[in-house]
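Chains as they are written, first to last, in my numbering: chain A, 4 to 150; chain B, 235 to 927.
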């Protein structure tokens with residue numbers, strides 16, 4: 004098992020990234036966040052390919068995956084992760100700006116553990132991110148983790 | 235119509251003529267009459283013969299009896315003499331002689347006493363004086379009476395013999411004088427045949443009959459009307475034998491006696507037969523001629539001839555009635571065909587026109603006088619495949635086509651619908667064909683035009699559909715992009731202005747902080763507008779799934795949700811039960827949500843606030859009507875109600891995006907329904923919609 008719990012944030016929007024990291028910083032979870040900026044990077048990171056072929060350490064505790072991503076979309080990343088046995092049980096939270104029904108459906112069909120709409124309201128957004136961080140890193144018992 | 239020309243020739247080989255048939259019938263009925271007459275004649279003749287035979291028997295019997303009495307009287311008298319004792323005493327033979335003479339006087343015959351020796355000696359003969367020497371008794375040939383009587387001791391009548399003295403035909407009767415069982419003498423008397431002839435002659439005898447008396451040897455003793463003289467074979471003979479003598483009485487009835495009566499009978503019968511036959515034949519001929527004339531007049535329809543026979547007149551009436559009905563039927567048929575609004579022609583088996591409609595004539599450019607002419611003579615250029623079709627029709631097939639293309643001689647293309655159908659004669663044979671044809675070129679052209687238009691329309695619909703699909707896809711993509719990409723910057727604006735206020739509050743003046751707040755407010759407002767746009771675009775996306783929607787239940791639920799969202803408000807809800815429309819449930823919910831939340835929002839100032847959901851019948855359509863008693867609106871601005879982002883109230887009066895009614899309008903339009911609004915400032919608003927089933 005890993006030494007500590009980590010979050011992989013897949014977010015192409017630097018402003019959202021900043022806001023998310025600000026919020027996580029405030030609850031002291033920023034150090035556990037690794038950010039990649041498109042779907043391909045996310046896959047490379049998780050499968051230790053390309054730029055991340057030499058990556059050390061295990062899988063993150065949770066992946067916060069934006070739906071709308073350049074190169075490989077969030078939904079496709081989700082589906083590829085679920086098809087691979089190394090990551091098929093990895094907790095994945097889908098993040099999206101929209102409240103499109105089709106995104107929600109495809110995410111759950113693809114095996115997402117959560118689907119979270121990024122609220123427009125900053126306070127709500129911060130609270131949501133904080134809750135997610137706390138929930139997945141502290142509350143949720145991932146498969147294979149000590150009880 | 236089959237019209238065989240009515241020929242007035244004599245009926246050939248179909249049977250015999252009625253008159254000769256009746257004549258034969260009469261002859262046949264006379265024939266039994268002739269047979270009956272012959273039988274009657276024969277029977278009459280036979281009964282006549284039988285009667286004559288009976289009469290002959292009686293006459294013969296009578297004569298025989300008479301003869302027997304005649305002979306018996308003489309035998310008796312001789313017997314008395316024989317029994318006389320005078321015979322035994324020769325001395326008294328003189329007395330005997332006298333007694334015998336009295337016999338002579340009585341019977342007119344001599345009596346002879348003869349001895350029985352051989353030869354027999356005459357002892358006395360009353361023809362001669364007593365005591366005169368007498369010659370021996372002559373004995374004739376054949377059955378002689380005296381020797382026989384002497385031998386038998388019984389009275390005997392002898393056969394005919396010729397008297398030696400008188401040379402006349404004689405018969406003798408001998409009676410023996412028997413003493414002590416032995417014939418001593420014989421008393422003998424001679425009978426002249428002429429006496430018997432006299433007796434025969436005295437008998438009453440029907441004309442032409444013959445009566446003959448024959449002795450035992452068949453010699454004729456006496457005779458009347460000898461049949462030999464008449465040279466005609468006798469047809470009947472009756473014989474009676476005498477009981478006293480061995481004689482026979484024979485009565486012969488010659489056939490000649492019947493001839494006159496037979497002839498008479500035959501002549502009468504013949505005359506009667508001829509007369510009755512003639513009368514029969516004559517009457518029969520007359521009747522036959524009359525019947526034949528009547529029947530002929532029936533067959534040939536000779537007007538004005540009546541024969542006065544009820545049955546024939548009835549038949550004539552029936553025939554005339556039938557003929558009239560047939561004429562009427564033919565005329566109707568002719569009229570029907572002639573003026574049928576279709577090209578119709580009836581042909582016989584040789585394809586000659588029988589009936590034709592005017593449409594046929596005009597369609598094929600013919601004059602009126604084609605009946606009787608051959609179709610092929612009129613149109614020699616008819617192609618072989620049509621002739622083949624005609625032949626198939628004449629063989630009993632029903633043929634037809636709903637549309638055949640053919641090119642006229644002038645190059646124009648025509649379409650015809652046609653049918654060939656055989657018609658049958660009364661005997662079931664095919665009499666010809668009926669052809670129906672209709673030029674459907676115009677119809678065909680119209681159909682082709684419609685088809686072309688339809689094809690074009692389909693292509694255009696496909697194009698439009700594709701365009702619409704593409705537009706929808708673009709709209710989808712646009713809405714998707716909007717929902718993702720427009721919100722992210724907004725979130726950044728709001729988020730960073732908030733972060734700025736939190737992180738750098740000390741470095742900013744109150745005014746600066748206020749400006750940051752305005753940035754946030756504008757960002758929120760922009761977010762709401764984006765959301766509104768998305769709702770509007772989503773209302774037009776997706777497939778429309780119509781099913782019954784319980785409007786009353788939905789309205790109740792939405793009312794509860796509204797109340798829960800703003801617990802402080804009191805609104806009087808009136809929701810009519812059982813309201814239902816047919817539509818997409820999700821979209822109908824959007825419609826009702828918008829209408830009810832509008833009503834909720836705009837009735838905030840009314841006291842008490844009232845929101846009604848009810849049905850409203852207008853122009854045979856049942857509308858769902860949402861009414862409130864709130865702020866209402868000015869009808870002059872009603873046209874702007876349903877345009878997106880257009881509002882009739884200021885934000886500080888009633889906040890809103892101006893997207894709700896635009897969405898409602900689009901959903902109703904998508905359902906093909908109708909949406910109407912009524913309002914009056916301060917009095918309230920009423921929105922009603924109708925959806926087709």
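Cβ atoms here follow ideal geometry from the backbone N, Cα and C, with glycine treated the same way.
From a predicted model like this one, the values you see are computed outputs, not experimental measurements.
Query                                                                                                                               : Result
Burial state of residue 619/B (16 or more Cβ within 10 Å)                                                                           : exposed
Interface residues of the segment 72-86 of chain A facing chain B [CB-CB below 9 Å]                                                 : none
Buried/exposed call for residue 405/B, threshold 16 Cβ in 10 Å                                                                      : buried
N-terminal and C-terminal residue of the beta strand (DSSP E) that residue 331/B is part of                                         : Run containing residue 331/B: none in the beta strand (DSSP E); it sits in the alpha helix (DSSP H), 327-341.
Contact with chain B by residue 125/A, beta-carbon distance below 7 Å                                                               : yes
Cβ-Cβ distance between residue 381/B and residue 370/B below 7 Å                                                                    : no
Nearest-angstrom Cα separation, counted from residue 476/B out to residue 302/B                                                     : 6 Å
Where residue 342/B falls, given that 16 or more other Cβ within 10 Å makes a residue buried                                        : exposed
Where residue 106/A falls, given that 16 or more other Cβ within 10 Å makes a residue buried                                        : buried
Classification of residue 757/B by the beta-carbon crowding that lies within 10 angstroms, buried from 16 upward                    : buried
Buried versus exposed call for residue 702/B [16 or more other C-beta atoms within 10 Å across all chains shown]                    : exposed
Residue of 861/B, 480/B, 766/B minimising C-alpha distance to residue 807/B                                                         : 861/B
Inter-residue Cα distance where the pair is residue 739/B and residue 748/B                                                         : 11 Å
Cβ-Cβ distance between residue 900/B and residue 773/B below 7 Å                                                                    : yes
Residue 499/B versus residue 275/B - alpha carbon distance                                                                          : 7 Å
Where the segment 772-795 of chain B meets chain A: residues whose CB sits under 7 Å from a CB there                                : none
Cβ of residue 918/B within 7 Å of any chain A Cβ                                                                                    : no
Beta-carbon proximity check, residue 922/B vs residue 859/B, cutoff 7 Å                                                             : yes
Listed by chain order, chain A residues near residue 724/B by CB distance under 7 Å                                                 : 123
At least 3 beta-carbon pairs within less than 8 Å: the segment 381-390 of chain B vs the segment 409-417 of chain B                 : yes
Chain-ordered neighbours of residue 749/B on chain A, where CB pairs are closer than 9 Å                                            : Within chain A, no residue comes near residue 749/B; the closest Cβ sits about 16 Å away, beyond 9 Å.
Residue from 373/B, 414/B, 903/B, 417/B with nearest C-alpha to residue 397/B                                                       : 373/B
Minimum C-alpha distance to residue 125/A - residue among 723/B, 894/B, 745/B                                                       : 723/B
Against chain A: residues of the segment 694-711 of chain B by CB proximity under 7 Å                                               : none
Simplified DSSP assignment, three categories, for residue 597/B                                                                     : helix
Chain-order list of residues whose beta-carbon lies under 8 Å from that of residue 459/B (same chain, five-residue window excluded) : 439, 442, 443, 444, 445
Presumed contact (8 Å Cβ cut-off) between residue 608/B and residue 626/B, rounded CB distance                                      : Not quite, the Cβ-Cβ distance comes to about 18 Å (not below 8 Å), so this is no contact.
Where the alpha helix (DSSP H) containing residue 748/B begins and where it ends                                                    : 744-772
Cβ of residue 717/B within 7 Å of any chain A Cβ                                                                                    : yes
Every unbroken alpha helix (DSSP H) inside the segment 569-655 of chain B [4 residues or more]                                      : 592-597, 609-612, 618-628
Same chain, Cβ closer than 6 Å to residue 466/B, five either side skipped, listed in chain order                                    : Any reading at residue 466/B is ruled out, since the residue's pLDDT is 49, under 50, leaving its predicted position unreliable.
Length of the line joining the Cα atoms of residue 464/B and residue 485/B                                                          : Note that residue 464/B scores a pLDDT of 46, beneath 50, so its modelled location is shaky and nothing firm can be said.
Neighbour flag for residue 62/A against chain B, beta carbons, 7 Å                                                                  : no
Short Cβ contact (7 Å threshold) for residue 809/B with residue 833/B                                                               : no
Length of the line joining the Cα atoms of residue 847/B and residue 883/B                                                          : 23 Å
Residue 733/B: contacting residues in chain A (beta-carbon distance under 8 Å)                                                      : 22, 25, 125
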